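Colleague: UniProt numbering applies: residue 1 is where the sequence shown begins, and numbers increase by one. Would you mind keeping the following structure in view while I ask a few things?
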Amino acid sequence: MKLNERSLAFYATCDSPADSAGFLYKRGERHAAYHRRWFVLKGNMLFYFEERESREPVGVIVLEGCTVELCDSRGEFTFAIRFGGAKSRTYVLAAESHAAMEAWVKALSRASFDYMRLVVRELEQQLARVQWGSNAEREPERALQREPKQALEQEPEREPEREPEREPEREPEQAPEQEPERRAPRENSCAVWNIVPGTDPLPRGAVPHRASGCEAEAGPRQPPVPLRCQASGGAPAGNAVEVSAFSRLHERYGTEVARLRREWLERRQGQRP
1 MKLNERSLAF YATCDSPADS AGFLYKRGER HAAYHRRWFV LKGNMLFYFE
51 ERESREPVGV IVLEGCTVEL CDSRGEFTFA IRFGGAKSRT YVLAAESHAA
101 MEAWVKALSR ASFDYMRLVV RELEQQLARV QWGSNAEREP ERALQREPKQ
151 ALEQEPEREP EREPEREPER EPEQAPEQEP ERRAPRENSC AVWNIVPGTD
201 PLPRGAVPHR ASGCEAEAGP RQPPVPLRCQ ASGGAPAGNA VEVSAFSRLH
251 ERYGTEVARL RREWLERRQG QRP
């Protein structure tokens, strides 16, 4: 950037805020006398005017590559701005009070870009330390937050639970069908004597009739003929008394047989589980 008198004069007198401003005594280059001047510090440039109301500065000092030092001279509240070159000029200034001198020395020492660079570097280091400390404090929390995720990632996938196979329902066992009760054939309200093979056995206590002689050869004996059959067959009338007695005997015997058979069936049913 090129600088000229107009640009410097405009920058010195513009409305931009100044870092520091006030009266200082400046010692002349050729003469040792001090002259009272109005100084304005903006950035790294120190402008000085003859009067406070002056429109143009008398001179400007660029505060780069210099040091600000207190002077051990007889003058009170004096300090100097020294540059590093062999032929460089040294500016000797004096303040009106000790407090003003300290304020100016501090402001001029911080005006250069070298100082600003150091400040920025220091601030960056402080910021890095603060961030590192905050990260160290949050590391346990982050570790706790990562543990459940890692546990979920490492946990093997569980196979879906299989429902136990149900055994086929068994049909309830049906009780064996009971053979219907066989009843002896009856005729004229009397049980018919029958010992044909395949029919019901004799009741308990009954003695089977054993055939002998011609009866065994002829086979089982048929039951006696009922009264009606004899009557219809044209039996002689003289035998009516014998038929009546035989009929009563037959009915009595049939009743006894029916009673015994009924008791036998009841006992048989009671013995079943």
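From the three backbone atoms N, C-alpha and C, an ideal C-beta is built for every residue, glycine too. On a predicted model such as this, the values are computed, not experimentally measured, just so you know.
#1: Where A143 and G133 are concerned, what is the direct C-alpha to C-alpha distance, given to the nearest angstrom?
#2: Go ahead and pull the three-state DSSP assignment for E215.
#3: Identify, in the order they occur along the chain, each residue of the same chain with its Cβ nearer than 7 Å to the Cβ of V62, setting aside the five sequence neighbours on each side.
#4: Helix, strand or coil for A18 per DSSP?
#5: Kindly indicate the opening and closing residues of the alpha helix (DSSP H) around T13.
#6: Taking the C-alpha atoms as reference points, what is the distance between R121 and F79?
#7: Compute the Euclidean distance between the alpha carbons of G22 and Q131, then round it to the nearest angstrom.
#8: Per DSSP, which residues does A94 bridge with? Please list them.
#9: Helix, strand or coil for Y253? Go by DSSP, reduced to three states.
#10: What is the DSSP secondary structure of E141, counted as helix, strand or coil?
#11: Just verifying my parser: in three-state terms, what is the DSSP assignment at G84?
Modeller: Short version:
#1: Our two residues, A143 and G133, have alpha carbons roughly 16 Å apart in a direct line.
#2: Since pLDDT at E215 reaches only 46, below the 50 mark, its modelled position is unreliable, and no value is offered.
#3: N44, M45
#4: For A18, the three-state secondary structure derived from DSSP is coil.
#5: 5–13
#6: 28 Å
#7: 41 Å
#8: Y25, T78
#9: helix
#10: helix
#11: coil
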